[in-house]
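What follows is a short report on a single structure.
In our numbering, the protein residues as written are 222 to 463.
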């Protein structure tokens, strides 16, 4: 699962990194991005065969809202999409061939189960320990996702809302000590292939879903302040003493 992440780069910085253009107003830095927040996504337009797809940075609502949805609130249940069932689930199977995107992240948070001998919450249950997971080399994460365009039936102006979901896969060796799922990462040399809407060969792309990415990530424990989405400062990333 991926339920919180960090996004501090400007649209122009993201565009430069991914070889794209910025087509969005700045959302501002966030050290505690949560579901239903607006996030950046990198998408591509179809291109000529001998050219790479033209990439743009746009804004998306985090929590995918299928085009057939009657209400916006369904998106809160679709912040993640399991890679193993993308071609089966009605909300995702029509998107995986044409509406793929990359969600840039500085890193993401995950929670390790608490110990019965450790701190307890007000209900007497062990407090989970949050960790910040990021690339070893400090580069941004290029997380695979899907996007959709939706019009609210109750909106007389029928404005389009673009939304997105994070694709997850089985945890690698590092992540398995914390959670059984992790975001799918797209390596630099596969960005164009993943984003190209003219590429509908999902079988050829599916190896991305099982890549272990061993040695790419590292993690450290952080304050439980991240548990409250209202806390949103750089201090959330400070490693706790070992």
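The C-beta atom is built at its ideal place from N, Cα and C for all residues, glycine as well.
query: Residue 481 - DSSP class collapsed to helix/strand/coil; result: The displayed coordinates of the chain run from 222 to 463. Any statement about residue 481 would go beyond what the structure contains.
query: Residue 400 versus residue 333 - alpha carbon distance; result: 7 angstroms
query: Extent of the continuous beta strand (DSSP E) run through residue 438; result: 438–442
query: CA-to-CA distance, residue 282 to residue 403, given in whole angstroms; result: 20 angstroms
query: Extent of the continuous beta strand (DSSP E) to which residue 404 belongs; result: 402–404
query: Pair within 8 angstroms by beta-carbon distance, residue 361 and residue 417; result: no
query: Range of the contiguous alpha helix (DSSP H) that encloses residue 235; result: 232–239
query: Integer-rounded CB distance, given that residue 374 should sit under 8 angstroms from residue 291; result: 6 angstroms
query: Status (buried if at least 16 other CB within 10 Å, exposed otherwise) for residue 379; result: exposed
query: Straight-line Cα distance separating residue 436 from residue 394; result: 10 angstroms
query: Check whether residue 368 and residue 264 have beta carbons under 8 angstroms apart; result: yes
query: Residue 301 burial status per 10 Å Cβ neighbour count (16 or more: buried); result: buried
query: Of the listed residues 321, 338 and 350, nearest to residue 262 (C-alpha basis); result: 321
query: contact_flag[the segment 445–457, the segment 246–256] where n(CB pairs < 8 angstroms) is 3 or more; result: yes
query: Whole-Å CB distance - residue 304 paired with residue 388, under 8 angstroms assumed; result: 5 angstroms
query: For residue 260: DSSP bridge partner residues; result: 281
query: Boundaries (first-last residue) of the alpha helix (DSSP H) holding residue 368; result: Careful: residue 368 lies outside any alpha helix (DSSP H), inside the beta strand (DSSP E) at 362–372.
query: Helix, strand or coil at residue 483 according to DSSP, with G and I counted as helix; result: Nothing can be reported for residue 483, as the shown portion of the chain is limited to 222 through 463.
query: Per-residue DSSP class, three states only, for residue 396; result: helix
query: Residue 359 and residue 348 closer than 8 angstroms at C-beta; result: no
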